[in-house]
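Per UniProt numbering, residue 1 is the first one in the sequence shown, and the count goes up by one each step. Don't be surprised by glycine CBs; every beta carbon is placed ideally from N, CA and C.
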Amino acid sequence: MAADPIPAPDKPLDLLDVGLFVRAALLANVSAAGREFGVSAAVASARIAQLERQLGARLLHRTTRRISLTQDGEVFMARAEALLSAADAARASVGRGRSEPYGRLKVSMSSSFGRQHVAPVIPAFLRRYPSVSLDLRLSDEIVDLVDDGYDVAIRLGALKDSTLVARKLATNRRVLCCSPAYLAEHGMPRHPADLAQHECVILGDQRDWSFVTPQGPLTVRVGGRLVASNGEAIREALVDGFGIAIKSTWDVGPLLASGALVTVLDDYPFANDVAIWAVYPSRAHVPLKTLAFIAFLAEHFGDPPYWDRADAR
């Protein structure tokens, strides 16, 4: 009598399908998940549907505008992230595996800060990590990291996108400054309220300047004939004797040291502390190339940052 046939084992889960599902759930966007994996939205959707068929459960609610986890999807999500972590650990345990940063790193940052404080050390970063290639985009426009496929961005000031993970790289000390020639012509402001009578140079739409005074917080609506979207244009106007502006010491430190610019209202600090941040998309597995770049910049800038240290002036 013939023995009963041994049932075929279930087909193993495809890690690409699992990874696409996890990223789509975290981003609430199948197209964005596909871009991270280098596949089209149609392919990403088909792979996730294949995973659902294999599991015999619907994992995602899909509408024309967004996706969300089903109850089964929430249960599977934790196991899926653990599965991907185990797979990464297995790869890292063999040879170099994933223990060395590698791959193309796409980075965005402001043009002025990037040119002055990041671009000069990029060759050193690439020499330290020979398996990494870098796509550095310098622009004053705020990019969408997920939709535009960036690994990391360097942001200055207050952060607005709570869906991103942020790491503070350095303090961003700001001063109110102008040229000695401007003060000789227009006089020294003695109180933040005096700024309403001065020619202020404005960055973008930032017309409300907030200070801490002995009487409490004070916000002054400033005016001026020059509004610029680029910090370098503002800096050059100040050097030429036109107006007062808020500037970061990373940008005007050498000009303050040389006397080309001077600070005013030093006894009235700004009400809002700002910093220099590295931000990157929230994900279960942050690529080593991203973490290496962030750590490299933090080490390079130092604490306090080198542009604020007396020995660097």
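- LEU291 and ALA278 have their C-alpha atoms roughly 10 Å apart.
- For LEU27, the closest alpha carbon among the candidates VAL18, VAL286, ARG66 and LEU59 is that of ARG66.
- With contact defined as three or more Cβ pairs closer than 8 Å, the stretch 153 to 172 and the stretch 105 to 125 are in contact.
- Boundaries of the alpha helix (DSSP H) around PRO123: 122 to 128.
- Relative to ARG167, the option among LEU16, SER282 and ALA57 whose CA is nearest is SER282.
- Across the set GLY259, ARG174, HIS300 and VAL212, the C-alpha of GLY259 shows the shortest separation from the C-alpha of ALA181.
- Along the length of the stretch 253 to 298, whole beta strand (DSSP E) runs at least 3 residues long occupy 275 to 281, reported in chain order.
- For ILE142, there is no enclosing beta strand (DSSP E), as DSSP gives it neither H nor E.
- Annotation: the continuous alpha helix (DSSP H) that includes GLY34 extends over 30 to 37.
- Rounded to the nearest whole angstrom, the C-alpha separation of ARG225 and HIS198 is 11 Å.
- By the Cβ neighbour-count rule, GLU52 is buried, with 16 or more other Cβ atoms within 10 Å of its own.
- Taking C-beta atoms as the reference points, ALA32 and VAL143 fail to come closer than 8 Å.
- One Cα belongs to ALA25, the other to VAL75, and the distance between them is close to 12 Å.
- In this model, ARG47 and LEU20 are separated by some 8 Å (Cα to Cα).
- Within the same chain, ILE202 come within 6 Å of VAL227 by CB-CB distance, once the 5 residues on both sides are set aside.
- As computed with DSSP, TRP209 is found in a beta bridge with VAL220.
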